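See below for the structure under consideration.
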Amino acid sequence: MNELSQHHQDFSSNGFITLKEYLTPQEVQELEKHLGHYIQRIAPSLPPSDVFYEVTGDPATLKQLQWMERNDDFFRSLPNRPKFLQLAEVLLGGPVVLRGVEFFNKPARIGKPTPAHQDGYYFCLVPSEAVTLWFPLDRVSEENGCIRYVRGSHRKGLRPHNVSNILGFSQGVTDWGPQDEANEVKAMGAPGDLLAHHCDIIHRADANLSSGSRRAMAIVYDAASAVVDEAAVARYKQSSSQQRTKLQTT
2 MNELSQHHQD FSSNGFITLK EYLTPQEVQE LEKHLGHYIQ RIAPSLPPSD
52 VFYEVTGDPA TLKQLQWMER NDDFFRSLPN RPKFLQLAEV LLGGPVVLRG
102 VEFFNKPARI GKPTPAHQDG YYFCLVPSEA VTLWFPLDRV SEENGCIRYV
152 RGSHRKGLRP HNVSNILGFS QGVTDWGPQD EANEVKAMGA PGDLLAHHCD
202 IIHRADANLS SGSRRAMAIV YDAASAVVDE AAVARYKQSS SQQRTKLQTT
């Protein structure tokens, strides 16, 4: 079995994989450079739906950026690089289409927990087939909020979700139990590593208790065969908008 076939098998079985040193130091530096430009020059003018802060209006508490490919040529071209695009196709077993490029941050000491959730609940795809390629820009540890995956949970379908009151992650799994905790795997990482996970795997992260940030970029691809359940999207957007308005005004 070659390396790519092994990646596909592990991904299909577990719902996630970790690839060490997948990006070169030069690629990480390039990401840092363009991310810095985006945060300084573009983020301040973005609508509230595309940029989230732990403390409203405080740039030092930047939490999340969405749809970065819509606003910047570098992030528009990044998902087309073969090392990302071809990996996504291998993992999902067929052609893919870009969903979006995102930035996630847990600011030092104030980065809140990420509730247990399935991305597929937000994506509303039929079939529910998508993959997130997540690459850290800081060393990821238990202390600063590493991702915790429930191994194999992507093979059991979507679970019930409800309002989480966490900005950027508006819905959380409601029936989390001992079996989920028993199957949980802590995914550590460092700049240059890549984590890939299926949209239906349950995952969460603790708060950042450290003195440093926990930053990461993500590229999300949908299976080309998947179609959007528009009614489900409308329900999700309504709930998300109501929560965002509430959280950004309190």
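Numbering of the sequence shown is given in the working numbering, commencing with residue 2 and proceeding in unit increments.
Cβ coordinates follow ideal geometry from the N, Cα and C atoms, glycine included.
A quick note: this is a predicted structure, and the numbers were derived from the prediction, not measured.
Can you give me the Cβ contacts of Thr251 inside the same chain, cut-off strictly under 8 Å, excluding the 5 residues immediately before and after it?
-> Position 250 of the sequence shown holds residue 251. Low confidence applies here, because Thr251 scores a pLDDT of 49, under 50, leaving its location unreliable and the question unanswered by this model.
Would you mind reading off the limits of the alpha helix (DSSP H) that contains His8? Taking the first residue of the sequence shown as 1, we reach residue 8 at position 7. Run containing His8: Glu4 to Asn15, per the alpha helix (DSSP H) assignment.
inquiry  = Using 8 Å for Cβ pairs, my map puts Leu5 next to Ile220. What's the rounded Cβ distance?
reply    = Counting from 1 along the sequence shown, the entry for residue 5 is found at position 4. Counting from 1 along the sequence shown, the entry for residue 220 is found at position 219. About 18 Å separates the two Cβ atoms, so there is no contact after all.
Review point. Taking C-beta to C-beta, are Leu159 and Asp223 nearer than 9 Å?
Key: As a position in the sequence shown, residue 159 is number 158, starting the count at 1. As a position in the sequence shown, residue 223 is number 222, starting the count at 1. Contact: no.
Could you please give the first and the last residue of the uninterrupted alpha helix (DSSP H) stretch that includes Arg77?
Position 76 of the sequence shown, counted from the start, is the residue given in the question as residue 77. Asp74 to Ser78 is the extent of the alpha helix (DSSP H) around Arg77.
Using DSSP with H/G/I as helix, E/B as strand and the rest coil, what is Glu143?
The residue given as residue 143 occupies position 142 in the sequence shown. Reduced to three states, the DSSP call for Glu143 is coil.
**Spatial distance of Trp68 from Leu86 (CA atoms)** = Residue mapping note: residue 68 aligns to position 67 of the sequence shown, counting from 1. Residue mapping note: residue 86 aligns to position 85 of the sequence shown, counting from 1. In a straight line, the C-alpha of Trp68 is about 17 Å away from that of Leu86.
Length of the line joining the Cα atoms of His204 and Asp74
The residue labelled residue 204 in the question sits at position 203 within the sequence shown. The residue labelled residue 74 in the question sits at position 73 within the sequence shown. Approximately 31 Å between the Cα atoms of the pair.
* Asked: Does DSSP put Glu103 in a helix, a strand or coil?
  -> On the sequence shown, position 102 is the one that residue 103 refers to. Strand at Glu103.
Problem - Nearest residue (CA-CA) to Ala191, options Ser13, Gln10, Thr115 and Glu22 - result: The count along the sequence shown starts at 1 and reaches residue 191 at position 190. Measuring from the Cα of Ala191, the nearest candidate turns out to be Glu22.
Quiz item: How close, in whole Å, do the beta carbons of Ala217 and Phe105 come, if the pair is a contact with beta carbons under 8 Å?
Solution: For the purposes of this step, residue 217 is identified with residue 216 of the sequence shown, where counting begins at 1. For the purposes of this step, residue 105 is identified with residue 104 of the sequence shown, where counting begins at 1. That belief holds up - the Cβ atoms of Ala217 and Phe105 are roughly 5 Å apart, short of 8 Å.
Distance check for Asn166 and Leu248, CA to CA, integer angstroms please. As a working mapping, residue 248 is identified with position 247 in the sequence shown. As a working mapping, residue 166 is identified with position 165 in the sequence shown. In this prediction, Leu248 scores a pLDDT of 46, lower than 50, which makes its location untrustworthy; the coordinate-derived value is nonetheless stated afterwards. Leu248 and Asn166: Cα-Cα distance of roughly 7 Å.
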